[in-house]
Amino acid sequence: MHLLVLGLGYSAGMIAQAAQAAGFVLTAVRSRPAPGMLTLDSAELPGVIASATHILSSVPPASDGSDPVLVAHGDALARAPAKWIGYLSSTGVYGDAGGAWVDEASPRQGRRGGRNLADEQWEALHPESRVFRLPGIYGPGRSALDRLRAGPVARIDLPGHVFSRIHVDDITGSVLASMHGGPAGVYNIADDLPAPGEAVTAAAARMLGMEPSPLIPLEQAALSPMGRAFYAECRRVANGRMKRQLGYSLLYPDYHAGLLACLEESAP
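Per this note's numbering, residue 277 is the first one in the sequence shown, and the count goes up by one each step.
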């Protein structure tokens, strides 16, 4: 079993480690040269694409909206004999649902056209394509606990605003479950409890023995344009297809369990 990973970020790196532990031979591709790793323009990469049994891309669209992997190697990937091809996408493709539930059949109407297009292209690329749509990702070193340790975190008072999230270990577990069974197609990878961001921050503060900061209106928060755009969207992400067709059971079905695991992992 040979796994080719294109883009070795936080989530894909965890998947790569778990796949190696499960017996996969790993080839990693990064945007910058690194010892033992290829880049997208490496002469050896077309041969690896033609020989890998499993291929995963986590490379996001470029600033012009194009997918760098598909621009460079789309034809080779479409012809690849791999029995499994995966792409880490985003639940941002659903756009604002006004707090309603979205599933894999919901339309792509997100504000980032490049992400919507990449999601569509990877789904149609190959008979064995799997597209994994991910919400807010957290885990060791990248959680509300870490943000609070680094300094004050604003808690936005925006009644009715919720979003979904997923622990990186459950991304890893569900993707590996897909490699071992389950049909091609699109999968939402999310936990069972969409919740307001301020509730997550408050829970993390209490775990650290801190008093949660007071709620403030959105207008008073010093947020970047990207941060404000985040609060303009509200949706709940359904994960039923992941459970039914991959047979995967969440390690951390809600942020309480996930944050506790992060806290235990970071304890001295």
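Every residue, glycine too, gets a C-beta built ideally from N, C-alpha and C.
Quantities reported herein were computed from a predicted structural model and do not represent experimental measurements.
Length of the line joining the Cα atoms of residue i and residue j
| i | j | result |
| --- | --- | --- |
| ARG308 | GLY415 | 25 Å |
| ALA328 | HIS278 | 5 Å |
| PRO435 | ASP317 | 48 Å |
| LEU452 | ARG431 | 35 Å |
| GLY341 | PRO490 | 39 Å |
| MET483 | ILE447 | 24 Å |
| PHE506 | GLU380 | 21 Å |
| HIS349 | ASP433 | 45 Å |
| PRO488 | PRO311 | 44 Å |
Among the options, nearest to residue i - alpha-carbon criterion
| i | options | result |
| --- | --- | --- |
| GLY523 | LEU353, PRO459 and HIS532 | PRO459 |
| GLY371 | SER440, ALA348 and PRO336 | SER440 |
| PRO411 | PRO493, TYR363, ALA479 and ARG512 | ARG512 |
| ILE325 | LEU353, GLY417 and GLY390 | LEU353 |
| ALA338 | ALA319, TYR507, GLY417 and ARG391 | ARG391 |
| LEU424 | TRP377, ALA295, ALA478 and ASP395 | ALA478 |
| ASP530 | ASP467, LEU401, LYS519 and LEU536 | ASP467 |
Under the three-state DSSP convention, the category residue i falls into
| i | result |
| --- | --- |
| THR303 | strand |
| PRO493 | strand |
| ALA364 | Checking the sequence, you will find Leu at residue 364 rather than Ala. The answer is strand: DSSP assigns LEU364 an E or B state. |
| VAL429 | coil |
| ALA295 | helix |
| ALA471 | strand |
| ARG520 | helix |
| SER333 | strand |
| ALA319 | coil |
| SER553 | The requested residue 553 is not part of the displayed model; the chain covers only 277 to 544. |
| LEU434 | coil |
| ALA381 | coil |
| ARG423 | helix |
| LEU353 | helix |
| ARG308 | coil |
| GLY417 | coil |
| ARG441 | strand |
| ARG511 | coil |
| LEU484 | coil |
Range of the contiguous beta strand (DSSP E) that encloses residue i
| i | result |
| --- | --- |
| ASN464 | 461 to 464 |
| TYR524 | Here TYR524 belongs to no beta strand (DSSP E), and DSSP marks it neither H nor E. |
| VAL531 | Sequence inspection shows Tyr at residue 531; the Val mentioned does not correspond to that position. First-last for TYR531: 531 to 542, but that is the alpha helix (DSSP H), not the beta strand (DSSP E). |
| LEU284 | Taken as a continuous stretch (DSSP letters only), LEU284 belongs to no beta strand (DSSP E), as it is neither H nor E. |
Exposure of residue i, with buried meaning 16 or more beta-carbon neighbours within 10 Å
| i | result |
| --- | --- |
| THR303 | buried |
| MET290 | buried |
| SER500 | exposed |
| GLU474 | buried |
| SER450 | buried |
| GLY427 | exposed |
| VAL305 | buried |
| HIS330 | buried |
N-terminal and C-terminal residue of the alpha helix (DSSP H) that residue i is part of
| i | result |
| --- | --- |
| TYR507 | 501 to 507 |
| GLY449 | 444 to 456 |
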